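Report on the structure given below.
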Amino acid sequence: MRLQLIVVGVLALSACAQEVAPTTPAATTHNTAALLDTGWKLVQLGDQVIELPAGSREIHFVLHSASQRLEGFSGCNSMMGSYVLDGAKLRFEELEATMMDCVPNMDLEQKFLAMLEQVARWEISGETLRLLDSQGEPLAMFAARDTP
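Residue 130 in my numbering sits at position 147 of the sequence shown, and the numbers go up by one each step.
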């Protein structure tokens, strides 16, 4: 009888035990950002790493899931449009931008907007988004940031 009470007690205590935390260091755990409703900051366009002068506004966009609209800043102007998303396929449509002229970033802005028209696919690794052409070649790379 006494042995049965001990066994029941041990079983009851083991049921109350907490799970042991994983031994994997937190530094190796990465969250993957979502394509939609995430702010994406341009960090590379083609082979060009983007380094804007201090005080410059970053080139970025957000794909809003509720409206299927694209909004962002293309280097000189605000931009907007729509997008079509089908799995890993992505296409931008009806892209428009305000018409301000700004000499330092105008060339970069034109390259950025032209790149958006070539996008056919996307992929995310960790907090990095890559936009790809129809052949799977990278067009641009973006870093996740807080939604503006």
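Glycine included, each C-beta is placed from N, C-alpha and C at the ideal position.
Predicted model only: the values in this text are computed from it and were never measured.
Per DSSP, reduced to three states, the secondary structure at Ala97 is helical. Excluding its 5 nearest sequence neighbours in each direction, Glu79 has C-beta neighbours in its own chain below 8 angstroms: Met62, Met63, Gly64, listed in chain order. At a Cβ-Cβ threshold of 7 angstroms, His43 and Lys72 do not count as neighbours. Of the candidates Gly70, Ala16, Asp30, Ala17, Asp30 places its Cα closest to the Cα of Met98. Residue pairing by DSSP places Val32 opposite Gln27 in a beta bridge. A check of alpha carbon separations from Gly38 across Gly22, Val32, Asn88, Ala126 identifies Asn88 as the nearest. For Arg104, the uninterrupted beta strand (DSSP E) run begins and ends at 104 to 108, by DSSP. Relative to Ser117, the option among Trp105, Ala127, Phe125 whose CA is nearest is Trp105.
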